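Residue numbers (our numbering): 5 to 175.
This is the structure we're talking about:
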């Protein structure tokens, strides 16, 4: 069944999100975050970061390391073999706080990058998002479970709010 992205009603800045996911053979999805609906964009992915959900072995994107499951899509390369085979449950964790983006898949770190600084802007400028002016610019935003047209299942979705801004400094 295809019905579009499942998008949060509220915006979140600093937060921890955990969930389990699985895709079928050839499946593709993602967890979008720090995203906003901006009139000048067509899709929410043009503004928000994505933790990639993918059948690495069965989807064409599996040939691109920065598109593997667990990647901060097109911005980081996760360790090889971190995802489980299609049809198996995977456990994801995202932690966004203090100008830092961290992601884990099945207990292994898949992304640990700064956010909102010159290093972040350079990383984006070297990615497919370079020509998307609103991508990765917001201190808070929506969280979405992406509809990419292939079957995907989620369970045990838990969100812990830490603060209002992803770039807020430690106190």
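Yeah, the Cβ is synthetic: ideal placement off N, Cα and C, and Gly gets one too. Here the structure is a predicted model, which is why all the values come from computation and not from measurement.
_residue 5 in three-state terms, based on DSSP_ = Its pLDDT being 39, under 50, residue 5 is placed unreliably in this model, and the value from its coordinates should be taken loosely. Coil, per DSSP.
*asked:* On the criterion of 16 or more Cβ atoms from any shown chain inside 10 Å, does residue 60 qualify as buried, or is it exposed?
replied: buried
*What beta strand (DSSP E) runs, 3 residues minimum, are completely inside the region 63 to 115?*
94 to 101, 104 to 109
*When the Cα atoms are used, what is the spatial distance from residue 134 to residue 32?*
22 Å
*Using the C-alpha atoms, what's the distance from residue 122 back to residue 156?*
35 Å
_Three or more C-beta pairs under 8 Å: does that hold for the region 125 to 132 against the region 93 to 110?_
no
*Mind checking which residues open and close the alpha helix (DSSP H) that includes residue 128?*
122 to 129
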